[in-house]
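Below is one structure, written out as structure tokens, with a few remarks after it.
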Amino acid sequence: MIDNHINNPKSQKFYVKKYLDSIKKQLHNKIVIDIPAGNGVTSEILLENGAKVEAYDLFPEYFMLKDIQCKRADILNKIPVMNNYADMLICQEGIEHFSDQLKTFKE
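Using the numbering used here, read the sequence shown as starting at 8 and increasing by one per residue.
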């Protein structure tokens, strides 16, 4: 699934992978929340870099990775995790769709 996105310099995922590969040591064994997880490309890149990935999306049925369960979550109505639970959160290709972006950043 990932090859179509990461090998194309016209794809945002090409640059996401380059960046995440460059911080591989910082991702190793860290809990990383991927929201919105979409079809799972970023989650797969995170897994390849040693992260413990938790995927969330408003439409988890589009998530395609078998190794991770994508849970339903609406970031505007609270992510279903405890405060300070994760080491990192990645939110890409989603923030521009949220009606209240400031509330999203606060969450």
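Yeah, the Cβ is synthetic: ideal placement off N, Cα and C, and Gly gets one too. A quick note: this is a predicted structure, and the numbers were derived from the prediction, not measured.
The closest CA to that of Phe66, considering only Lys78, Leu34, Val60, Glu55, is found on Lys78. Contact between Ile97 and Asp28 is absent: CB atoms are separated by about 14 Å, not below the 8 Å threshold. In this structure, Asn84 keeps its C-beta atom at 8 Å or more from the C-beta atom of Tyr69. For Asp107, there is no enclosing beta strand (DSSP E), as DSSP marks it with neither H nor E. By alpha-carbon distance to Asn91, the top candidate from Lys37, Asp74, Asn15, Val23 is Lys37. Nearest C-alpha to Ala58 among Ile30, Asp81, Ala80, Asp64: Ile30.
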